[in-house]
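Taking it in order: structure first as structure tokens, then the write-up.
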Amino acid sequence: MLHLRGARRLPANALVLGSTAPDLVYLVGTLGAAAHHPRGLLSSCLPAGLLAFLYVEALLLPVVGPWLVASSPARARPTLARLLGPRPLPRTFGAWLLVLLALLVGAATHQLWDGFTHAWMWPARALYPTTTVSLLGHTVLLSRALQHLSGVLGLVVVVAYLRRATAPALAASEPGERADAARRLLALLTVPLVAGCVAAFMQLRDPHPLLTRALWDAAWSATAWFALLLGLECLGLRLYRASR
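Sequential numbering of the sequence shown, starting at 30, is according to the working numbering.
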């Protein structure tokens, strides 16, 4: 989608974040069904996508991006710098409109594909709501099989694209520079990771009777606490740097 003729004019980062928006609402409650309906594009997906855009572009990447780039192998650094390097927020009304449009387009593609991979959504519920297939020796719904297989395929395509897009290696970073960046990243991520694990454990102390639902709730609880604490750390670092 990022390289369709019309999509090239839209901010790629907003397209990607928009494509996650229907699921991001699980971080703050049980609005998932609404966010996966076309009516939810404006009421749920757009606000969630815009918050994610500001969180990533204004809070996360200015702090984490340079450390990720500096601590990465030399061959990967050019691509990571393009993907994760800090960049200014849009400065004009028109640029912000393109961001909002990209968020909506990304969310719409998520909803479109989920229609084929979720049995309760259209067109899956009309075409194959109870159809099952054998997957790795287990009988699963066709829609669920499509969800898992498309996820694996998408990961392969993204990795292949990134490998192809990677520019020739830059001069290697100084060992001390890479080690220092890695230490800073580890220090930054330790508390959010521990908090996420604790949140998942607490959620599983009184789990939902259905195992998959219990694991789902635990995963989103961990993600929410991780994102919250990482964002607070990045905000604190940005304020500290601004005061110096």
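Using N, Cα and C, we set each Cβ at its ideal position, and we do this for glycine too.
By Cβ distance below 6 Å, which residues in the same chain neighbour residue i in space, the five residues on each side in sequence not counted?
i: Pro221; result: Phe255, Leu258 and Leu259
i: Tyr55; result: Gly61 and Trp249
Using the rule of at least 16 other Cβ atoms within 10 Å of the residue's Cβ for burial, across every protein chain shown, is residue i buried or exposed?
i: Arg106; result: buried
i: Leu165; result: exposed
i: His139; result: buried
i: Glu206; result: exposed
i: Arg273; result: exposed
i: Phe122; result: exposed
i: Ser179; result: exposed
i: Gly69; result: buried
i: His65; result: buried
i: Ser73; result: buried
i: Pro51; result: buried
i: Pro67; result: exposed
i: Arg271; result: It is worth fixing the name first, because residue 271 is Ala in this sequence and not Arg. So Ala271 ends up on the exposed side.
i: Gly265; result: exposed
i: Pro40; result: buried
Here's a check: name, in chain order, each residue in its chain whose Cβ is nearer than 7 Å to the Cβ of residue i, leaving out the five neighbours to either side.
i: Pro119; result: Trp125 and Val128
i: Gly94; result: Leu113, Gly114 and Pro115
i: Leu53; result: Ala77 and Ala81
Put residue i into one of helix, strand or coil per three-state DSSP.
i: Thr138; result: helix
i: Val274; result: Because the chain here runs from 30 to 273, residue 274 falls outside it and cannot be looked at.
i: Leu240; result: helix
i: Thr168; result: strand
i: Ala198; result: In this prediction, Ala198 scores a pLDDT of 49, lower than 50, which makes its location untrustworthy; no coordinate-derived value is stated.
i: Val163; result: Sequence inspection shows Ser at residue 163; the Val mentioned does not correspond to that position. Three-state DSSP puts Ser163 in a strand.
i: Tyr157; result: coil
i: His177; result: helix
i: Leu118; result: coil
i: Val227; result: helix
i: Ser272; result: helix
i: Gly58; result: coil
i: Ala43; result: helix
In whole angstroms, what is the alpha-carbon distance linking residue i and residue j?
i: Met9; j: Leu132; result: In the structure as shown, the chain starts at 30 and stops at 273, and residue 9 therefore has no counterpart that could be examined.
i: Tyr84; j: Leu182; result: 28 Å
i: Arg154; j: Ala63; result: 17 Å
i: Thr219; j: Val188; result: 26 Å
i: Gly114; j: Val162; result: 43 Å
i: His237; j: Gly58; result: 16 Å
i: Leu80; j: His167; result: 39 Å
i: Asp209; j: Ser100; result: 8 Å
i: Gly225; j: Ala247; result: 9 Å
i: Arg267; j: Thr49; result: 26 Å
i: Ala87; j: Arg213; result: 19 Å
i: Pro158; j: Leu170; result: 8 Å
i: Ala43; j: Ala77; result: 12 Å
i: Thr160; j: Met150; result: 14 Å
i: Thr252; j: Leu239; result: 20 Å
i: Gly144; j: Gly135; result: 15 Å
i: Ala110; j: Val98; result: 6 Å
i: Leu261; j: Ala216; result: 14 Å
i: Thr241; j: Ala228; result: 17 Å
i: Trp96; j: Leu156; result: 48 Å
i: Val186; j: Asp235; result: 39 Å
Tell me which residues share the same chain as residue i and place their Cβ nearer than 8 Å to its Cβ, disregarding the 5 neighbours each side in the sequence.
i: Gly147; result: The sequence shown places His at residue 147, not Gly. Counting only Cβ-Cβ distances below 8 Å, and skipping sequence neighbours, we find His65, Ala153, Ser172 and Gln176.
i: Pro91; result: Pro115, Cys263 and Arg267
Inside the region 62-94 only - alpha helix (DSSP H) runs reaching at least 4 residues: 75-83
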